[in-house]
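To start, the structure itself, in structure tokens.
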Amino acid sequence: QVTFGQAFLCEGSASHGLGELAATMRRWDDAERHFEDAILFNQRVGSPPWLARAQFVYAEMLHERDKPGDAEKAQTLVNKALATFEELGMAKYVERALALKMELQGIDYKSFNTSIEAVAATVQAEQPDLRSHAAPDGTVTILFSDIEGHTAINERLGDQRWMELLREHNVLIREQIQSHDGYEVKTEGDGFMVAFGSARKAVQCAIAMQRAFAKRNDDADEPVLVRIGLHTGEPVKENNDFYGTQVTQAARIANEANGGEILVSALLKELTDASGDIDFGEGREVELKGLGTQHVFAISW
């Protein structure tokens, strides 16, 4: 015996399946109609996982069809789907949705080795205006972070436990961002980019982040080691120049950090060293792709 609710579920599943079938046959108008029906159905019955799946495959279809306006609509759909996948801990769908989101922006997600690289590429494509978050002299201090070895942790823990750990990580990061007047520019997976109008507050935020994770790791079965890199950029004049050099430098400094380490550029050290309350370690030279040899400093926290 089929209940009324089960009948509706079958109807919704049928629309989803018919949409995928029509898309495979490149019958775009039919696919669009079926995916719209599937989305409306899942909104009515309140099924977030199936709604997100319908939004995602609809976005894939629009990307393949590539008519005028399809890319913008696909981006909206995949953003909604990605938010639901992350909230529900659907790790494999998070990965697929993130890859599609970047592909829609002309970015090859498979080419990245770290979450920091993925975040940096996304913000370079979107180029958000950060002037309202700049210091009075126009400079912006950029912080990048991610979890060291996140791929291995995910494989060891499995998707569900990894997503639980990721949510815990994000809460700790965002608590410190809020406490230190930071602005969350972008997050992708475990990677964050944060902007500050004050170089000192940016450093204090990084220190607070590391201390928060050290405290958390004392009693945790699975330690989380966060890598953090910071750089103070020149005044924001042209977005292309700012994202092409200043943001890139901050991201590549962060990529040089080890888990539990804070690395900063020589310029940021110069701006924050005068008061003597920040303990900078010995500097070291690193080769940053496209930027040459740079002097960076670790902060003892």
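Residue numbering for the sequence shown follows our numbering, starting at 3 and increasing by one per position. Idealized CB from N, CA, C, for every residue including glycine.
Beyond the five residues adjoining it in sequence on each side, Val-266 comes within less than 6 Å, by CB distance, of Leu-232 and Phe-299 in the same chain, given in chain order. Non-local beta-carbon contacts of Ala-204 in its own chain, meaning distances under 6 Å to residues more than five positions away in sequence, involve Thr-143, Leu-145, Phe-198 and Leu-232 in chain order. Residue burial annotation: Gly-292 is exposed, with fewer than 16 other C-beta atoms found within 10 angstroms of its C-beta. Taking each of His-182, Glu-157, Ala-127 and Ala-120 in turn and checking the Cα distance to His-135, the smallest one comes out for His-182.
For Thr-234, the enclosing beta strand (DSSP E) stretches over residues 228 to 235.
If you ignore the 5 residues before and after Ala-259, its C-beta comes within less than 7 Å of the C-beta of Arg-229, Ile-230, Gly-231 and Leu-265, all in its own chain and listed in chain order. Minimum Cα-Cα distance from Gln-212 among the listed residues Ala-24, Arg-163, Ile-149 and Val-187 corresponds to Ile-149. Counting C-beta pairs with one atom in each stretch, the region 87 to 96 and the region 62 to 77 have fewer than three that are closer than 8 Å, which means they do not touch. Each of Phe-43, Gln-129 and Pro-51 was checked against the Cα of Lys-188, and the nearest Cα belongs to Gln-129. In this chain, the beta strand (DSSP E) harbouring Met-195 covers 193 to 198.
Under a 10 Å Cβ-count criterion, His-297 is classified as exposed, with fewer than 16 other Cβ atoms of the shown protein chains found around its own Cβ. Closest option to Ala-25, judged by alpha-carbon separation, among Glu-284, Asp-68 and Asn-44: Asp-68.
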